[in-house]
Amino acid sequence: MLKCVRICLTYLGMAIAVPMLVFPMVATAGEGKGTIKIATQSPLSGDQAAIGEGIKLGAQLAIEQLKAPIVKAGFKVELVPFDDQAKPDVGVANARNMVTDKDILAIIGHFNSGVAIPSSEIYKDAGLVEISPANTNPVVTDRNYPNVNRVCGRDDIQGVVGAEFAKGIGVKTAYIIHDKTTYGQSISEFFRDHARKLGIQVVGFEGTEEKSNFDPILTPVKAKNPDLIYFGGIYSQAGPLYKQAREKGIKAKLMGPDGVDSSDLVKIAGEAVVGMHYTTVAGPVSVYPKAKEFAKAYKTKFKKDPEPFAAQSYDSTAIALKAIETALKAGGGKAPSRESVAKEVRKIKYSGLTGTIEFDGKGDPQKALYFVIQVVSADPAKWDQNKEAKRLEIAAPPLKK
Amino acid sequence: MDIPLLIGIFPQVVLDGLILGFMYALIALGYTMVYGVLEFINFAHSEIFIIGAFVGVEILLGLKAYGALGSLSPFVVLVLILVAGMTASALLAVAVERIAYRPLRGAPRLVPLISAIGVSFFLQDAIRLFESIWNNSFNLVYPTMDRLNLRFQLTETIDVSVKSLVVIGAALLMLWGLHLIVNKTKIGKAIRAVAEDQATASLMGINVNRIISLTFLIGGAMGGAAGVLFGVQYSLINPYSGFIPGLKAFTAAVLGGIGNIPGAMMGGLVLGLLEAFAASYLSLLTGGAFGAEYKDIFAFSVLILILIFRPKGLLGEVVKERA
């Protein structure tokens, strides 16, 4: 009985909804020509899900707001979110699935460089264009693939920016801890190398996969009493590390890269991280004048503030949509090939929320912004009010031969 | 090499190792007791452990929301969450046994093992689902209780927090209590009898099923206590944080001689100390060539060495009785 009611309701719903959906489209654009899909890949489960979801929702908002020209040309536009679980093997498996779906013309992702690098090998073989909102490891674009792009800066510069800033606030000794991932370890190495060049003494360099008990790692830190602890990794690990460091009575300044940039950091570490600095390629929404509208729309729609990289994800998706539109026109209204979309992405000059984006020959933005941000409050709701301590615009380094 | 530094941090390292070791010991008891009576490894024990931590944090967050956390003595609060965590974990352990293991009692040994792994995954994601709906986040943080974070300065470089002392004290109390139950009471005698020989024990008028449930109850309670202490000590928990400590505690149980209660305690302490030493000293001793990331490799290498020379574990042969 219940089942019957449900089926009846479904048919009734369809009977009302289908004409509403189809008729306006038929009226403006003739018959539907098929579907164009844009995929996202980011961690949607696990301890990095907060940021990963922001990437998905940023893309979703962009598609809803900007799909009109493609819909007019007779195509449905769909978002296909994938969960890479921040694991390289899952990312690659998803990528293999993704490339078999011919309707997917662009992929927005990932959050972790260690996942992006192996997955993009698959995209490359399929000619599928990837636009990354957040992957900062140099290798992502240094492979010089025609289809791999990013809208953010790079770790080899971010590490240097961090070390310069540390020197500026009078740091003489630094203890570096990293999470042993492609991202965390390499940015820590860039930080270390430049810090040494500036005359900062690096008194320790440690990697750890530990997620909860940092006591034994912090004991030598405390004994060496450095001016600064730099953690190269993600907020889910950084939070307990910073918190336990303070509980152990370590008074060193704290610093990290953009991986610690999430309101979850203060949710975990509370007062311990107030006053700490982090470098990032994605400033809080407040530093981008154009992003205010975006933040409002995001909050209304999803009932939460945009996490870092959500605006970058919006821009990446906007670029993908624009490129698809151009390729559509060039191809006389036929569904464009993946190769043509990839070519159009490289050629684009797009003025987005986070600035004007133009790619160089290898897929880096020609000029990227780097920020040093200071955490101002232990209240997670105030994360987007973090203070900008320094802002630099630096060009991506040329491809090493 | 900086000799004064190496010596200077030594007491701190021992302390870190002891805290970790006692936690492993408490968790290891659950593995070893169940193995003692059923000769099967309850892989869902790591989730039974973390449930204790979640119950603890929920109560703390509730108290905080009503503003009662600041006014109550932290020790009263601690006892409250310990009891609640232990009760929840103990009941869950019994339920898991009733639902997922008892129907498979007659099946080949591997079948309940697979069932245990399934329960483990199920519980992980059940907690995740519940917390995502309830708190909109499944990474939960134990609220800070100021008086527990006070520190006693012992020397210039060494200090110890009230929290650490409480963790060690509570663990010791729990282990002592268990020792009394198993060795001095009638119930303890029954548990030991069932571990020795189920068929004979049932002929002596012991209700074997009830004793097995009781074993899960006690093991679960110890696990739940460890979960609460884990949360108090390290503060951040998520549904997956039980996995690694669970695996380590299982190792500790094997190291001590699986099925052997004092062995599990000793195995936990040895493993905790080894890990703390490796994490703190490896990088200092090797000039940075091997860092803290090698702590598990180091600890497990020592473990393999011990097991080569004592295949039944540290106490596997010395003490005959099992429980």
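First to last, the sequence lines map onto chains A and B.
Take the first sequence: its position 138, counting from 1, is numbered 771 in the numbering used here, and each next residue is one higher.
Take the second sequence: its position 155, counting from 1, is numbered 550 in the numbering used here, and each next residue is one higher.
Idealized CB from N, CA, C, for every residue including glycine.
The structure presented is a predicted model; accordingly, all values stated were derived computationally and were not measured.
Sequence-distant residues of its chain with Cβ nearer than 6 Å to residue i (five each side left out)
| i | result |
| --- | --- |
| V723 of chain A | D717 |
| G416 of chain B | G663, L664, G667 and L668 |
| P714 of chain A | T673 and K689 |
| L567 of chain B | none |
| A660 of chain A | In this prediction, A660 of chain A has a pLDDT of 39, which is less than 50 and means its spatial position is unreliable; what the coordinates show is noted afterwards. Around A660 of chain A: no qualifying Cβ. |
| G691 of chain A | A943, S946 and Y947 |
Which listed residue (the options) has its alpha carbon closest to that of residue i
| i | options | result |
| --- | --- | --- |
| D592 of chain B | B:I512, B:L433, B:G412 and B:D397 | B:L433 |
| S675 of chain A | A:F864, A:T987, A:P766 and A:G837 | A:P766 |
| L831 of chain A | A:K876, A:G795 and A:G679 | A:G795 |
| Q681 of chain A | A:D775, A:P702 and A:G866 | A:G866 |
| A594 of chain B | B:V603, B:A439 and B:P706 | B:V603 |
| G1021 of chain A | A:T912, A:R979, A:I833 and A:G840 | The question names Gly, but residue 1021 of chain A in the sequence shown is Glu. Residue A:T912 is the option with its Cα nearest to E1021 of chain A. |
| I512 of chain B | B:L410, B:G412 and B:F438 | B:F438 |
| G994 of chain A | A:Y1003, A:G985, A:F1004 and A:I981 | A:I981 |
| K884 of chain A | A:Q870, A:E904 and A:L861 | A:L861 |
| E904 of chain A | A:K876, A:K705, A:A956 and A:K857 | A:K876 |
Residue i classed as buried or exposed, judged by whether at least 16 other C-beta atoms fall within 10 angstroms
| i | result |
| --- | --- |
| Y629 of chain B | buried |
| V536 of chain B | buried |
| D541 of chain B | exposed |
| Y947 of chain A | buried |
| Q999 of chain A | exposed |
| N530 of chain B | exposed |
| D397 of chain B | exposed |
| T610 of chain B | buried |
| W1016 of chain A | buried |
| P873 of chain A | buried |
| V627 of chain B | buried |
| V408 of chain B | buried |
| N777 of chain A | exposed |
| R1105 of chain A | Nothing about residue 1105 of chain A can be reported from this structure: the residues present for chain A run from 634 to 1034 only. |
| P1031 of chain A | exposed |
Other residues of its chain near residue i: CB distance less than 8 Å, five sequence neighbours each side excluded
| i | result |
| --- | --- |
| I687 of chain B | First, the residue type needs correcting, since residue 687 of chain B is Ala and not Ile in the sequence shown. Correct list, in chain order: A673, A674, S675, L677 and S678. |
| M599 of chain B | A588 |
| K735 of chain A | none |
Proximity below 9 Å, CB of residue i to CB of residue j
| i | j | result |
| --- | --- | --- |
| Q671 of chain A | L738 of chain A | Rather than Gln, the amino acid found at residue 671 of chain A in this sequence is Ile. It is a contact, given that the beta carbons lie within the stated cut-off. |
| T987 of chain A | V781 of chain A | no |
| I809 of chain A | F847 of chain A | no |
| G480 of chain B | G447 of chain B | yes |
| L954 of chain A | K709 of chain A | no |
| S441 of chain B | L642 of chain B | yes |
| A960 of chain A | E977 of chain A | yes |
| Q1018 of chain A | V914 of chain A | no |
| G882 of chain A | K855 of chain A | yes |
| G667 of chain A | G966 of chain A | no |
| L624 of chain B | L508 of chain B | no |
| L549 of chain B | P399 of chain B | no |
| I656 of chain B | L424 of chain B | yes |
| A799 of chain A | I833 of chain A | yes |
| G619 of chain B | V450 of chain B | yes |
Chain-ordered chain A contacts of residue i [CB-CB under 7 Å]
| i | result |
| --- | --- |
| A674 of chain B | P849 and I850 |
| N633 of chain B | D680 |
| D411 of chain B | D848, P849 and T852 |
Residue i: contacting residues in chain A (beta-carbon distance under 8 Å)
| i | result |
| --- | --- |
| V345 of chain B | The displayed coordinates of chain B run from 396 to 718. Any statement about residue 345 of chain B would go beyond what the structure contains. |
| I454 of chain B | Correct list: empty, because the minimum Cβ distance to chain A is about 19 Å. |
| E670 of chain B | P849 |
Neighbour list for residue i in chain B, Cβ cutoff strictly below 9 Å
| i | result |
| --- | --- |
| S604 of chain A | In this structure chain A extends from 634 to 1034, so residue 604 of chain A is not present and cannot be described. |
| F838 of chain A | S678, G683 and G686 |
| D758 of chain A | Going along chain B, no residue has its Cβ under 9 Å from D758 of chain A, so there is no contact; the nearest lies around 33 Å. |
Listed by chain order, chain B residues near residue i by CB distance under 7 Å
| i | result |
| --- | --- |
| G892 of chain A | Near G892 of chain A there are no residues of chain B at all, since even the closest Cβ is about 15 Å away, more than 7 Å. |
| K876 of chain A | S630 |
| D717 of chain A | The contacting residues do not exist; D717 of chain A stays about 16 Å from chain B at best. |
| S845 of chain A | Y629, L631 and S636 |
7 Å CB neighbourhood of residue i in its chain, flanking five on each side removed
| i | result |
| --- | --- |
| I755 of chain A | V725, A728, R729 and V732 |
| G908 of chain A | Q1007 and V1008 |
| G652 of chain B | G658, K707, G708, L709, L710 and G711 |
| S819 of chain A | N770 and D788 |
| H743 of chain A | Q674, S675, D717, G724, A749, S752, S765 and N768 |
| Y635 of chain B | Q519 |
| K934 of chain A | L694 |
Contact set between residue i and chain B, taken where Cβ atoms lie within less than 8 Å
| i | result |
| --- | --- |
| K900 of chain A | S532, N534 and V536 |
| E822 of chain A | What E822 of chain A touches in chain B: nothing, since even the nearest Cβ is about 13 Å away. |
| T933 of chain A | What T933 of chain A touches in chain B: nothing, since even the nearest Cβ is about 18 Å away. |
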